[in-house]
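What follows is a single structure, written as C-alpha cells, with notes after it.
Residue numbers (full-length UniProt numbering): 1 to 262.
Encoded structure:
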C-alpha cells in the first residue's frame, strides 16, 4: 500500500531527492531508473483511490455567458448519469489571474475509472453537450492529478466567499521533499482556515503541485495569512518549499452556481 510511517518518509525523502538529481543527468538507462524512482515518490505521498482531472478552459471574452450556460448543462449532465461514476468536485471562474478562464475538477475512480468514463462519454449524448461548449473556447487543457495522502479533497459544501488556487512548478525530483516540508507546516494554517484540497500532477504538466483554500473575501485572506506567519513552523515551511519551486502562481476563483464546492 501507499502508507508509510512519517519517520520513514523523512529519511527516504533526503536520500531519494539527492539520488534523483544525479540520475536524471546520466545515461538513458539511468534516466529511466530516475523516472521509476519519481513514480515511487508518487506512491509514497499520494492517496491512490481517486484521480482528479483539472480541466482549464480559456473562453472568448465576449462569450462567457454562453459558455457558462453550455458548461452547466454538460457538467451537471455528467454527474447525474449514474453509469459514468464520476463526481464534480467544483467549477470556478477566475477573478484574479488569467482572465476569462474556468476551472472544472472532476473526480474519477482511479485510472481505470477515468478510461471507462471517457469512453462512455464519447458514445453518449454528453459528448454533444461537450461539443456545444467548444465554439466559446479559445484554448483548453487537461491535467490528471492525485491527492496528497494527508489532505483529501473537501466534500461538497456552500460556505460562500472566494477560493484561492495556488500552483507550484517544482524542480524535478523534489516532490517528496516538498510534501514533507509542507505537511509539517500545514497545521499552522489549519488553525485559521481549513484547506479545500491538495494535489500533484501525474499526466499533463508534470512536477506541479496545487492547493486550494476558501475565504470569505480578499481582506479575510490577507488577515488569515498574516496570522499564520505568527505561528511557529509556517515561516520555515514557506522558506523550504519556495526553494524547491521554479515558479508559483495564485489564482482567485469564484464558484459557479452549480459547483458542489461553493
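All C-beta atoms in this analysis are idealised placements derived from N, C-alpha and C, irrespective of residue type, glycine included.
Going along the chain, which residues of its own chain have a beta-carbon closer than 7 Å to the beta-carbon of residue 77, five neighbours each way excluded? Against the chain shown, residue 77 aligns to sequence position 77. So the list reads 126, 129, once near-sequence residues are dropped.
Can you list, in chain order, the residues of its chain whose CB lies under 6 Å from that of residue 132, leaving out five sequence neighbours each side? In the chain shown, the residue the question calls residue 132 occupies position 132. Closer than 6 Å at the Cβ level, and outside the excluded window around residue 132, lie 70.
Give a yes or no on whether the C-beta atoms belonging to residue 57 and residue 166 are separated by under 8 Å. For the purposes of this step, residue 57 is identified with residue 57 of the chain shown, where counting begins at 1. For the purposes of this step, residue 166 is identified with residue 166 of the chain shown, where counting begins at 1. Going by C-beta atoms, residue 57 is not nearer than 8 Å to residue 166.
Does DSSP put residue 270 in a helix, a strand or coil? The requested residue 270 is not part of the displayed model; the chain covers only 1 to 262.
Comparing C-alpha positions only, which one of 213, 260, 104, 199 sits nearest to residue 250? The residue you call residue 250 lines up with position 250 of the chain shown. Minimum Cα distance to residue 250 is reached at 213.
Nearest-angstrom Cα distance between residue 73 and residue 193? By one-based count along the chain shown, residue 73 stands at place 73. By one-based count along the chain shown, residue 193 stands at place 193. Roughly 32 Å between the two C-alpha positions.
Run of the alpha helix (DSSP H) containing residue 237, from where it starts to where it stops: Locating residue 237 in the chain shown gives position 237, where the first residue counts as 1. Residue 237 -> alpha helix (DSSP H) spans 234-243.
Quick one: any contact between the region 79-97 and the region 111-127, if contact means 3 or more CB pairs under 8 Å? yes
Give the list of continuous beta strand (DSSP E) stretches no shorter than 3 residues that lie fully inside the region 58-103. 86-96
Where residue 26 falls, given that 16 or more other Cβ within 10 Å makes a residue buried: What you label residue 26 is simply residue 26 of the chain shown in a count that begins at 1. In this prediction, residue 26 has a pLDDT of 42, which is less than 50 and means its spatial position is unreliable; nothing more can be read from the coordinates.
Cα separation between residue 75 and residue 232? Within the chain shown, the letter at position 75 stands for residue 75. Within the chain shown, the letter at position 232 stands for residue 232. Approximately 42 Å, taken between the alpha carbons.
Where residue 237 and residue 181 are concerned, what is the direct C-alpha to C-alpha distance, given to the nearest angstrom? As a position in the chain shown, residue 237 is number 237, starting the count at 1. As a position in the chain shown, residue 181 is number 181, starting the count at 1. One C-alpha to the other measures close to 6 Å.
Go ahead and label residue 118 buried or exposed: buried means 16 or more other beta carbons lie within 10 angstroms of its beta carbon, across all protein chains shown. For the purposes of this step, residue 118 is taken as residue 118 along the chain shown, with counting starting at 1. So residue 118 ends up on the exposed side.
I believe residue 45 touches residue 151 by the beta-carbon criterion, under 8 Å. Please report the beta-carbon distance rounded to the nearest angstrom. Translated into the one-based positions of the chain shown, residue 45 becomes position 45. Translated into the one-based positions of the chain shown, residue 151 becomes position 151. In fact, because the Cβ distance is near 10 Å, the residues do not count as touching under 8 Å.
Going by the beta-carbon positions, is the gap between residue 145 and residue 211 smaller than 8 Å? Taking the first residue of the chain shown as position 1, residue 145 is located at position 145. Taking the first residue of the chain shown as position 1, residue 211 is located at position 211. A distance of 8 Å or more separates the beta carbons of residue 145 and residue 211.
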